[in-house]
Amino acid sequence: GESVGLHLPTLSVQEGDNSIINCAYSNSASDYFIWYKQESGKGPQFIIDIRSNMDKRQGQRVTVLLNKTVKHLSLQIAATQPGDSAVYFCAETFPPDTGRRALTFGSGTRLQVQP
Amino acid sequence: EAGVTQFPSHSVIEKGQTVTLRCDPISGHDNLYWYRRVMGKEIKFLLHFVKESKQDESGMPNNRFLAERTGGTYSTLKVQPAELEDSGVYFCASSLGGSGSTDTQYFGPGTRLTVL
Numbered sequence: 363g364e365s366v367g368l369h370l371p372t373l374s375v376q377e378g379d380n381s382i383i384n385c386a387y388s389n390s391a392s393d394y395f396i397w398y399k400q401e402s403g404k405g406p407q408f409i410i411d412i413r414s415n416m417d418k419r420q421g422q423r424v425t426v427l428l429n430k431t432v433k434h435l436s437l438q439i440a441a442t443q444p445g446d447s448a449v450y451f452c453a454e455t456f457p458p459d460t461g462r463r464a465l466t467f468g469s470g471t472r473l474q475v476q477p
Numbered sequence: 139e140a141g142v143t144q145f146p147s148h149s150v151i152e153k154g155q156t157v158t159l160r161c162d163p164i165s166g167h168d169n170l171y172w173y174r175r176v177m178g179k180e181i182k183f184l185l186h187f188v189k190e191s192k193q194d195e196s197g198m199p200n201n202r203f204l205a206e207r208t209g210g211t212y213s214t215l216k217v218q219p220a221e222l223e224d225s226g227v228y229f230c231a232s233s234l235g236g237s238g239s240t241d242t243q244y245f246g247p248g249t250r251l252t253v254l
């Protein structure tokens, strides 16, 4: 079936540096993409989302980029902090008006922030 | 505002036994979802409720799994009889619903199920 995958299982960065986490998706019909952060012992926490009619969206210290041509999604975290250490998942789904809201998750990337 | 809650946080049972997991969504959220992550694999969708109705149960692995949402509030997921491969973390999520362009799903902390 269709799936979302991640290029790097673990990413280690220095505190204060910028982080970039990548994700490839295979379902060209997907319309809505989300990044989640999961800390140990907790459930996935929503970070930022983007619709397929956009190629960039910014939040607080985070930016998501979408390249539909190559089916690639990335999450950029500015000035990475120790509290950013977690596993990051990208997820995709169809537009809400389709009635199909199941999220398809990637395998996750572990971000380790070195002090 | 309380988030999605799940009970229990951990459950250890023997193969062949029955376990029931509970999820309380965010108040007012019509949509409720079950997901699970087994054997270190990706988080996989199980099913989706809209109020008390099953909107999509395409991810349910087999008939040993039964999900209910009587009254459209909390939901239960029963595994009967449990098998070793059912071990993993079961997540519940809820969303407000509606016809908006996006519908963010908020996740609970999960229930870690271990089948011995």
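Going down the list, the protein sequences come from chains A and B. Adding 362 to a residue's 1-based position in the first sequence gives its number in the numbering used here. Adding 138 to a residue's 1-based position in the second sequence gives its number in the numbering used here. By construction, the Cβ of each residue, glycine as well, lies at the ideal position given by its N, Cα and C atoms.
In the three-state reduction of the DSSP assignment, Asp168(B) falls in the coil class, being assigned neither a helical nor a strand state. In the three-state reduction of the DSSP assignment, Gly226(B) falls in the strand class, which pools E and B. Any Cβ of chain A closer than 8 Å to the Cβ of Tyr228(B) would place that residue at the interface, and such an atom is absent.
Within 7 Å of the CB of Ser469(A), the CB atoms of chain B belong to Glu180, in sequence order along the chain. Beta-bridge annotation (DSSP): Ser436(A) is paired with Asn384(A) and Leu427(A). Contact between the stretch 148-156 of chain B and the stretch 433-440 of chain A is not established, with fewer than three Cβ pairs separated by less than 8 Å. Interface flag for Lys404(A) against chain B is set, since a Cβ pair is found closer than 8 Å.
In the assembly as shown, Glu377(A) is an exposed residue. Its beta-carbon has fewer than 16 other beta-carbons within 10 Å. For Asp194(B), the enclosing beta strand (DSSP E) has its first and last residue at Ser191 to Asp194.
Asp379(A) and Asn429(A) have their alpha carbons spaced roughly 24 Å apart. Contacts with chain B at 8 Å (Cβ-Cβ) include Phe451(A). Membership of Phe408(A) in the beta strand (DSSP E) is indicated by the continuous run Gln407 to Arg413.
Taking all protein chains shown into account, Ile383(A) has 16 or more neighbouring C-beta atoms within 10 Å of its C-beta and is therefore buried.
DSSP, read as helix, strand or coil, puts Thr471(A) in strand. Beta-bridge analysis with DSSP links Arg160(B) to Phe145(B) and Thr214(B). In its chain, beyond the 5 residues on either side, Thr372, Leu373, Ser374, Val375 and Ser447 have a beta carbon closer than 8 Å to the beta carbon of Gln474(A). Here Thr460(A) carries a helix assignment [DSSP, helix/strand/coil]. Here Leu254(B) has Glu152 as same chain residues with Cβ atoms under 6 Å from its own Cβ, once five neighbours each way along the sequence are excluded.
Against chain A, a Cβ distance below 9 Å from Gln193(B) picks out Gly461, Arg462 and Arg463. Chain-ordered, the chain B residues with CB closer than 9 Å to the CB of Phe408(A) read Thr242, Gln243, Tyr244 and Phe245. Residue environment for Glu180(B): buried (at least 16 other C-beta atoms within 10 angstroms of its C-beta). Proximity of Asp379(A) to chain B, defined by a Cβ-Cβ separation below 8 Å, is not satisfied. A direct Cα-Cα distance of roughly 7 Å separates Leu427(A) from Arg419(A).
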